[in-house]
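The block underneath contains the structure these notes are about, expressed in structure tokens.
Number of protein chains: 6
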Amino acid sequence: MECIILDKSIDYDGSQISSLWAYNLADVKADSIIAFRGACDVKIEHMIDLEDKKQGDIIFSEDMLHFIIEHFDSTDLKLVYARQRLFTAITSEVLLFRYPLIERMGDDLFIKGKKLTVSIASTSAVSQKIHLGINVVHDHYGSLNEMGITGDEVDKVLHEIANSYHNEINDIEKDLRKSRPLDVI
Amino acid sequence: MECIILDKSIDYDGSQISSLWAYNLADVKADSIIAFRGACDVKIEHMIDLEDKKQGDIIFSEDMLHFIIEHFDSTDLKLVYARQRLFTAITSEVLLFRYPLIERMGDDLFIKGKKLTVSIASTSAVSQKIHLGINVVHDHYGSLNEMGITGDEVDKVLHEIANSYHNEINDIEKDLRKSRPLDVI
Amino acid sequence: MECIILDKSIDYDGSQISSLWAYNLADVKADSIIAFRGACDVKIEHMIDLEDKKQGDIIFSEDMLHFIIEHFDSTDLKLVYARQRLFTAITSEVLLFRYPLIERMGDDLFIKGKKLTVSIASTSAVSQKIHLGINVVHDHYGSLNEMGITGDEVDKVLHEIANSYHNEINDIEKDLRKSRPLDVI
Amino acid sequence: MECIILDKSIDYDGSQISSLWAYNLADVKADSIIAFRGACDVKIEHMIDLEDKKQGDIIFSEDMLHFIIEHFDSTDLKLVYARQRLFTAITSEVLLFRYPLIERMGDDLFIKGKKLTVSIASTSAVSQKIHLGINVVHDHYGSLNEMGITGDEVDKVLHEIANSYHNEINDIEKDLRKSRPLDVI
Amino acid sequence: MECIILDKSIDYDGSQISSLWAYNLADVKADSIIAFRGACDVKIEHMIDLEDKKQGDIIFSEDMLHFIIEHFDSTDLKLVYARQRLFTAITSEVLLFRYPLIERMGDDLFIKGKKLTVSIASTSAVSQKIHLGINVVHDHYGSLNEMGITGDEVDKVLHEIANSYHNEINDIEKDLRKSRPLDVI
Amino acid sequence: MECIILDKSIDYDGSQISSLWAYNLADVKADSIIAFRGACDVKIEHMIDLEDKKQGDIIFSEDMLHFIIEHFDSTDLKLVYARQRLFTAITSEVLLFRYPLIERMGDDLFIKGKKLTVSIASTSAVSQKIHLGINVVHDHYGSLNEMGITGDEVDKVLHEIANSYHNEINDIEKDLRKSRPLDVI
Chain A
393 MECIILDKSI DYDGSQISSL WAYNLADVKA DSIIAFRGAC DVKIEHMIDL
443 EDKKQGDIIF SEDMLHFIIE HFDSTDLKLV YARQRLFTAI TSEVLLFRYP
493 LIERMGDDLF IKGKKLTVSI ASTSAVSQKI HLGINVVHDH YGSLNEMGIT
543 GDEVDKVLHE IANSYHNEIN DIEKDLRKSR PLDVI
Chain B
393 MECIILDKSI DYDGSQISSL WAYNLADVKA DSIIAFRGAC DVKIEHMIDL
443 EDKKQGDIIF SEDMLHFIIE HFDSTDLKLV YARQRLFTAI TSEVLLFRYP
493 LIERMGDDLF IKGKKLTVSI ASTSAVSQKI HLGINVVHDH YGSLNEMGIT
543 GDEVDKVLHE IANSYHNEIN DIEKDLRKSR PLDVI
Chain C
393 MECIILDKSI DYDGSQISSL WAYNLADVKA DSIIAFRGAC DVKIEHMIDL
443 EDKKQGDIIF SEDMLHFIIE HFDSTDLKLV YARQRLFTAI TSEVLLFRYP
493 LIERMGDDLF IKGKKLTVSI ASTSAVSQKI HLGINVVHDH YGSLNEMGIT
543 GDEVDKVLHE IANSYHNEIN DIEKDLRKSR PLDVI
Chain D
393 MECIILDKSI DYDGSQISSL WAYNLADVKA DSIIAFRGAC DVKIEHMIDL
443 EDKKQGDIIF SEDMLHFIIE HFDSTDLKLV YARQRLFTAI TSEVLLFRYP
493 LIERMGDDLF IKGKKLTVSI ASTSAVSQKI HLGINVVHDH YGSLNEMGIT
543 GDEVDKVLHE IANSYHNEIN DIEKDLRKSR PLDVI
Chain E
393 MECIILDKSI DYDGSQISSL WAYNLADVKA DSIIAFRGAC DVKIEHMIDL
443 EDKKQGDIIF SEDMLHFIIE HFDSTDLKLV YARQRLFTAI TSEVLLFRYP
493 LIERMGDDLF IKGKKLTVSI ASTSAVSQKI HLGINVVHDH YGSLNEMGIT
543 GDEVDKVLHE IANSYHNEIN DIEKDLRKSR PLDVI
Chain F
393 MECIILDKSI DYDGSQISSL WAYNLADVKA DSIIAFRGAC DVKIEHMIDL
443 EDKKQGDIIF SEDMLHFIIE HFDSTDLKLV YARQRLFTAI TSEVLLFRYP
493 LIERMGDDLF IKGKKLTVSI ASTSAVSQKI HLGINVVHDH YGSLNEMGIT
543 GDEVDKVLHE IANSYHNEIN DIEKDLRKSR PLDVI
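In structure tokens form, the structure reads like this:
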């Protein structure tokens with residue numbers, strides 16, 4: 393798995409959730425997590441979650457940390473959703489060291505009852521993908537700034553979250569190669 | 393998915409990780425999480441992790457909270473390991489409300505640098521299973537008592553962790569049924 | 393699995409076989425069978441069976457019972473086709489109590505050598521779906537009316553078929569959770 | 393898929409449900425249905441259904457028709473159980489032409505409220521298997537003789553059921569190769 | 393699996409890599425390898441390999457042998473790529489009898505350092521497909537003519553390669569049905 | 393994937409085909425190919441191929457090159473058999489540079505009509521494995537020595553074959569991450 397943290401800013405418009413975006417962007421020929429900073433304004437045609445689409449949800453933020461994960465090892469919906477929840481939990485763990493009052497509910501993080509993140513996961517015929525975005529600043533929703541995470545710390549958080557998922561997946565791949573099958577009653 | 397919390401104490405000897413243990417114990421014909429309290433003394437022939445076996449690890453505790461998870465929806469090793477890590481993160485989240493200094497590393501939880509838990513995951517030809525045990529008391533390792541979790545609180549923790557996983561899985565099953573497939577670049 | 397029987401009439405034009413139709417229609421976040429009554433006129437762009445498309449088959453009926461099944465547990469073509477055949481057999485079993493001369497050939501039912509039903513099954517990247525339609529009246533093909541099934545009985549048949557599949561799937565899910573793996577010679 | 397009807401009698405003791413039995417018996421290197429006649433007396437160590445094992449069920453019959461199905465195309469439990477139900481429905485369809493009062497409940501057939509059949513399905517790491525046995529004569533349970541199926545007709549039933557499943561599977565394999573993927577809402 | 397060698401010439405424009413092309417062309421309802429001769433000029437909208445697309449690669453040849461393989465037994469990317477490499481190796485083996493200096497590198501064959509073939513593999517939601525094309529003549533790239541394979545020999549090569557893959561797959565399907573599962577340390 | 397070439401000699405008795413042997417031997421927590429030299433004498437209880445077992449085949453050689461491959465990414469029988477054939481083809485390609493008259497038939501290599509190799513592939517619930525052995529010397533069967541491959545060349549062949557498979561798998565993993573899904577007719 394490759395872990396790539398982009399220096400340049402990219403605005404997330406929903407096209408980045410498409411399969412093979414990483415290859416197109418940076419010739420990545422591996423499972424990957426790509427992290428970057430930028431605004432968020434998801435076009436209706438790129439909305440994956442039909443609940444958002446139905447409710448005409450506006451997914452908009454001026455400044456966010458974005459994480460785009462792609463796995464080609466399976467197209468199992470259950471696996472990508474388990475990974476999405478695990479990634480959300482990892483994100484929570486990284487932030488908890490800085491701000492102890494985060495609550496995870498499914499694929500969302502909250503502070504003071506306000507939503508801090510947006511996230512989606514799905515599959516195509518060739519890969520599974522996850523997007524998670526964290527508000528850096530926001531008028532109505534929760535944000536890193538509100539948690540006191542500003543300046544260089546924002547960039548550190550970007551690195552830490554991406555690296556933690558990268559390490560977690562590598563660790564899982566090792567662990568599952570040293571366990572014998574279960575007995576049966 | 394069924395969530396069953398046992399009143400009676402059961403000592404974990406490693407046979408409980410076998411496939412179909414839940415059916416044998418309680419006629420459970422569903423995916424399940426079964427939670428109970430008891431000692432832990434894993435016999436060498438029930439050790440699933442070859443690293444433990446090789447190192448002659450003693451997996452022993454006088455008093456633990458045990459969680460046994462069984463899914464029959466797939467026998468994919470990657471899925472059961474993602475679920476194991478997610479379950480460990482959920483356990484951490486429940487405990488953090490009571491004791492803010494827990495650290496998760498893979499499938500282990502630590503307090504003050506001491507291991508608080510044991511865990512294993514694997515598959516047979518018919519199901520995938522996870523075991524996680526948390527020390528209630530322990531002389532050398534971390535324990536709930538050391539975290540100030542004693543008396544009725546121990547039982548509450550048992551319920552909360554089991555219910556949280558149960559809810560998480562139900563929530564995932566709903567979420568993955570409202571997302572359209574990914575576009576492709 | 394949810395079993396939903398719609399009161400209002402819906403005309404089947406082939407768009408209902410699309411993945412996530414059930415969520416779009418009724419916020420269903422579960423595997424589902426949705427049963428309703430209405431005309432049938434499948435537009436060429438919604439034809440899934442290329443044999444029909446090639447032959448320029450007109451799939452048209454003024455009044456039909458429709459069943460739309462969606463499973464998200466796998467996207468295996470073999471599984472959805474086995475389920476389609478099983479569903480056709482279940483439909484046959486329900487009708488046999490009222491009219492003993494039905495013949496099933498694959499995914500079709502016949503009376504007096506006349507086709508009574510239309511059916512298709514396929515998958516997308518996120519779900520598997522089955523459609524089965526039964527003529528209530530028809531000039532050229534077989535129909536429920538011709539079998540003496542009219543008035544309230546038509547509605548009863550709609551309910552019985554949907555409920556039978558619902559029960560069968562629930563029963564399967566229980567049964568597969570109490571069988572140990574096979575031995576090997 | 394091969395369809396083999398054995399002339400010689402074989403007593404079913406449960407060892408025939410093991411993976412690779414068909415290869416061992418007759419050098420079959422294909423998916424297969426093997427049909428034969430013989431007594432049935434399942435040894436406890438060959439019981440696959442833990443419910444039977446728990447209840448100390450005696451699975452005994454002096455004279456039965458047996459069908460042993462093996463597929464190597466997947467080890468998915470859901471697929472083998474869908475196929476088992478489909479096979480039971482096919483068996484019912486063949487018998488209905490001779491005796492119109494058969495009822496299927498899951499993987500069991502009944503006449504006059506009496507059980508006519510036994511069946512089990514499961515997987516190993518290499519194949520999926522189904523056994524179905526139909527009483528030819530029986531003191532307490534339903535039987536073909538009781539349905540008026542005797543003499544040469546018993547043998548015809550053996551052939552018809554085996555051939556019907558064989559044809560159904562071949563037909564499914566053809567059908568799934570002419571359907572385009574689903575659209576998505 | 394069906395092996396079809398077409399008498400008539402077909403120009404490969406990339407549309408033939410689409411799922412269900414074999415059914416559309418020749419009502420094939422089986423896994424298949426279809427071999428034919430014709431020019432090659434892949435339109436940009438049919439390019440599957442994003443590396444080619446990115447580099448604006450021209451995939452053009454006046455005269456090629458084409459092989460189109462379709463399997464419906466799984467949509468696993470790893471399986472179709474293993475099969476593509478195996479097919480390329482088989483192609484190499486057939487040509488080696490006539491010209492001993494062929495080198496295979498992944499999915500490409502080379503003579504005298506010049507590329508002799510083009511190949512791609514991918515999946516849709518319903519099938520997996522492989523295309524391999526071999527230059528019969530070419531000004532810049534390697535070609536059969538350059539290897540001294542001309543006239544009737546070209547047609548023989550077309551038949552031999554198609555038949556070899558056909559036999560290999562049939563042989564694999566037999567072999568995997570006589571091996572017991574692995575033991576575990 | 394790890395590629396390990398052992399200096400010390402190991403006699404292959406069939407136990408090395410067991411899942412997790414690589415971990416047990418050398419703490420390998422990755423997919424792997426392990427190459428070594430040693431005698432071959434497969435005990436009957438370790439025979440995976442029932443055809444060998446049935447025929448009472450003696451699998452014996454005084455001196456062989458052995459390759460043990462283990463993949464944990466899937467337990468699909470079709471995938472491990474495609475990989476086995478690909479590996480056999482790779483082995484053939486390496487040897488062809490030294491001796492141009494090798495013939496591959498399925499998973500066997502032949503020189504002058506004499507069998508040069510033994511091979512088996514299968515799966516457990518946790519991994520898929522392949523063994524291929526090549527005679528270095530042999531009285532009745534083909535051998536490297538007979539091909540003029542002796543001394544240091546034998547060791548070079550050991551390295552080349554192992555490295556070639558290692559590179560092939562790495563290359564496949566890259567290639568499948570840059571192809572978009574297929575269109576459909």
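Protein chains in written order, with the numbering used here: chain A, 393 to 577; chain B, 393 to 577; chain C, 393 to 577; chain D, 393 to 577; chain E, 393 to 577; chain F, 393 to 577. No residue lacks a Cβ here, since even glycine has one placed at the ideal position from N, Cα and C. Predicted model, so just to flag it, every value in this text is computed and none were measured.
By the Cβ test, the region 409-429 of chain C is in contact with the region 455-469 of chain C, since at least three Cβ pairs between them sit closer than 8 Å. Beta-carbon to beta-carbon, cysteine 395 (chain B) and asparagine 527 (chain B) are separated by about 22 Å, too far to satisfy the 8 Å threshold.
Taking C-beta atoms as the reference points, glycine 525 (chain B) and serine 407 (chain B) fail to come closer than 8 Å. Annotated three-state conformation of serine 407 (chain B) is helix, per DSSP. For glutamate 552 (chain C), the number of other beta carbons within 10 angstroms of its own is at least 16, and it is reported as buried.
Of E:Asp444, E:Lys521 and E:Leu536, the smallest CA-CA separation from aspartate 468 (chain E) is found for E:Lys521. Of all residues in the region 513-536 of chain E, the ones placed with a Cβ closer than 8 Å to any Cβ belonging to chain A are Ser514, Thr515, Ser516 and Ala517, in chain order. The beta-carbon separation of valine 472 (chain C) and alanine 513 (chain C), rounded to 5 Å, stays under the 8 Å limit for a contact.
One alpha carbon belongs to lysine 421 (chain B), the other to aspartate 563 (chain F), and they sit about 44 Å apart. Segment contact: the region 499-510 of chain F against the region 531-541 of chain F, three or more CB-CB distances shorter than 8 Å; contact assigned.
For alanine 422 (chain C), the three-state secondary structure derived from DSSP is coil. With fewer than 16 neighbouring CB atoms inside 10 Å of its own CB, phenylalanine 489 (chain B) falls in the exposed class. Chain B has no Cβ within less than 8 Å of the Cβ of arginine 475 (chain F). Of the residues assessed, serine 401 (chain E) falls on the exposed side of the cut-off, its CB having fewer than 16 other CB atoms within 10 angstroms. Aspartate 563 (chain D) belongs to the set of residues whose beta carbon lies under 8 Å from a beta carbon in chain C. Under DSSP, phenylalanine 502 (chain B) forms a beta bridge with B:Glu495 and B:Lys507. Distance from the Cα of phenylalanine 428 (chain A) is smallest, within the candidate group A:Ser466, A:Arg477, A:Asp455 and A:Ile451, for A:Asp455.
No Cβ-Cβ contact shorter than 8 Å links leucine 550 (chain F) with alanine 474 (chain E). Per DSSP, histidine 523 (chain C) is not a residue of any alpha helix (DSSP H); the beta strand (DSSP E) it occupies stretches across 520-529. The DSSP assignment places complete beta strand (DSSP E) segments of no fewer than 3 residues inside the region 428-496 of chain F at 452-463, in order along the chain. The DSSP-derived three-state label of serine 401 (chain C) is coil. For the region 395-424 of chain B, the beta-carbon criterion of a distance under 7 Å to any beta-carbon of chain D is satisfied by Leu412, Tyr415 and Asn416. With a threshold of 16 other beta carbon atoms within 10 Å, alanine 418 (chain D) falls short and is exposed. Between the alpha carbons of aspartate 544 (chain C) and tyrosine 491 (chain C) lies a distance of about 16 Å. For valine 472 (chain F), no CB of chain D lies under 8 Å from its own CB, so it is not counted at the interface with that chain. Scanning C:Ser466, C:Ser516, C:Leu457 and C:Asp441 for the CA closest to the CA of leucine 487 (chain C) turns up C:Leu457.
Taking 8 Å as the threshold, the shortest C-beta distance from leucine 550 (chain F) to chain E does not fall below it.
Annotation for threonine 480 (chain A): Arg496, Gly498, Asp499, Asp500, Leu501, Thr509, Ser511 and Leu524 place their beta carbon closer than 8 Å to its own, counting only its chain and skipping 5 residues before and after. Note on geometry: alpha-carbon atoms of valine 546 (chain A) and aspartate 405 (chain A) lie some 21 Å from one another. A direct Cα-Cα distance of roughly 53 Å separates valine 518 (chain D) from methionine 539 (chain A). With respect to glutamate 560 (chain F), isoleucine 494 (chain F) sits apart: the two C-beta atoms are not nearer than 8 Å. Serine 556 (chain C) carries a helical assignment under DSSP once its states are collapsed to helix, strand and coil. Between histidine 558 (chain C) and isoleucine 425 (chain C), the CB-CB gap stays under 8 Å. Residues of the same chain with a CB within less than 8 Å of the CB of threonine 515 (chain E), apart from the 5 flanking positions on each side, are Thr467, Asp468, Leu469, Val472 and Lys521 in chain order. Using a CB distance cut-off of 8 Å, aspartate 465 (chain B) counts as an interface residue toward chain C.
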